[in-house]
Amino acid sequence: MHVGLTTPSGHLRQYSIVNTPEERDVLVIGVKLEANSRGGSRSMHSDVRVGSKVSITLPRNQFQLQPSERKAVLIAGGIGVTPLLAMALFQEQRDRTYHLHYFVRGNEHIAFKDRISALGNNCSTYIGLGIEETQSAITELLQELNPESHDIYVCGPQAMIELVSTTAIKSGFSADQVYYEYFGLTDHATSRALSEGSYQVTIQSTGQEFTVEPGRSLLQACLEAGVEIDYSCEQGVCGACMTKVISGDLQHEDVYLSSKEKIDGKLIMPCVSSCKSAKLVLDI
-5 MHVGLTTPSG HLRQYSIVNT PEERDVLVIG VKLEANSRGG SRSMHSDVRV GSKVSITLPR
55 NQFQLQPSER KAVLIAGGIG VTPLLAMALF QEQRDRTYHL HYFVRGNEHI AFKDRISALG
115 NNCSTYIGLG IEETQSAITE LLQELNPESH DIYVCGPQAM IELVSTTAIK SGFSADQVYY
175 EYFGLTDHAT SRALSEGSYQ VTIQSTGQEF TVEPGRSLLQ ACLEAGVEID YSCEQGVCGA
235 CMTKVISGDL QHEDVYLSSK EKIDGKLIMP CVSSCKSAKL VLDI
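Just so you know, the sequence shown maps onto residues -5 to 278 in this note's numbering.
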């Protein structure tokens, strides 16, 4: 579950809720200070104090535990631990079986140490592993699981999710037993948001027309034309910029929409996706 939060710098950012539904008087989030922050995380760290007021959206749950008798295996990479920690605590409170596997670069990067410690033997941490060591650990972990009695939930970098998904299927899991949420795409994936050729955009409600030039994203072109679209991650992950489409041959590069939604062609994530046809009509 996550909320959209408007940072002091004016950026809308999506943050996972770490605490469980029983804690109704507080929302706990984790904000990682990014070295290349464009203002969002930096302003949260520098400008928010006890007593500060921030605007948030209603919580949304796009990545949730499924009702199942199978044991939940939670695999987290870095700050991707936040939604999985909430799942672990939820299972803990209900005395349900689960295990959290937390991969992190170093002790200083462990998020919510007190909550992680409270999980006891239900949490295994993997600290400072290299790429090959991480791959080996995940492969060994998944190969030891019985697909008939386990479901897999993974959150972290794109490479980790792809590794877990591919290895799980090779180990006998079905695709619908692997649930995931991305925390950041590769540079290659995000670079494909930029249009290779120009195309015309029409706003259905106003008739406004403008052109997306090569080297520009659809989101950039919309904002420059004065078309208001909410956005947050700008990586096709969070769903904040999801926009309805009237017509156009879409080039989907996000990881938010389902395969069916992409085939239907009625929704687009303008931060990373574009149009292959000469014209695109948006239902705004």
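All residues carry an ideal CB built from backbone N, CA and C; glycine is no exception. Since we're looking at a predicted model, the values are computed, not measured.
Below 8 Å between beta carbons: does that hold for residue i and residue j?
i     : j     : result
I281  : V221  : Outside the displayed range of the chain (-5 to 278) lies residue 281, so it cannot be described from this structure.
L68   : V12   : no
L276  : V239  : yes
S271  : D248  : no
T76   : G24   : yes
H(-4) : R90   : no
P208  : T237  : no
G34   : T1    : yes
M81   : Y9    : no
G166  : P141  : yes
K273  : T160  : no
Q56   : G233  : yes
T51   : G(-2) : yes
A153  : L136  : no
L6    : D224  : yes
Among all the DSSP beta bridges, which residues are the ones paired with residue i?
i     : result
Q245  : S268
G(-2) : Q8
G150  : Y176
Y193  : V206
K26   : Paired residues: none, contrary to the question.
T237  : I262
V275  : T196, S241
Since residue i and residue j are thought to touch, with beta carbons under 8 Å apart, how far apart are those beta carbons, to the nearest angstrom?
i    : j    : result
Y92  : N116 : 6 Å
T205 : Q214 : With a Cβ gap of about 12 Å, T205 and Q214 do not count as contacting.
Q245 : S211 : Not confirmed; about 11 Å, so no contact.
H95  : A70  : 7 Å
S3   : S37  : 4 Å
I64  : D145 : Position check: residue 64 holds Arg in this sequence, whereas Ile was assumed. Sure, about 5 Å apart at Cβ, within 8 Å.
Compare the C-alpha of residue i against each of the options and name the closest.
i    : options                : result
E16  : Q56, S35, S40, L83     : L83
Q85  : A66, R99, G72          : A66
Y174 : Q60, I155, E190, S165  : I155
G201 : A219, L(-1), L59       : A219
S40  : E28, R18, Q87          : E28
D170 : R7, Q60, N101          : Q60
V98  : L261, G122, S130, Q58  : G122
C227 : R109, V266, E203, S192 : V266
F106 : S253, L6, V22, S252    : V22
Compare the C-beta of residue i with all C-beta atoms of chain D and state if any pair is closer than 8 Å.
i    : result
L212 : Of the protein chains in this structure there is only one, and it is not chain D.
Write down every uninterrupted run of the beta strand (DSSP E) in the stretch 90 to 136 whose length is 3 residues or greater and which is fully enclosed by it, in chain order.
-> 92 to 98, 117 to 121
Only counting runs of 4 or more residues, tell me where the alpha helix (DSSP H) segments fall wholly within the stretch 25 to 73, in order along the chain.
-> Within the stretch 25 to 73, the complete alpha helix (DSSP H) runs of at least 4 residues are 34 to 41.
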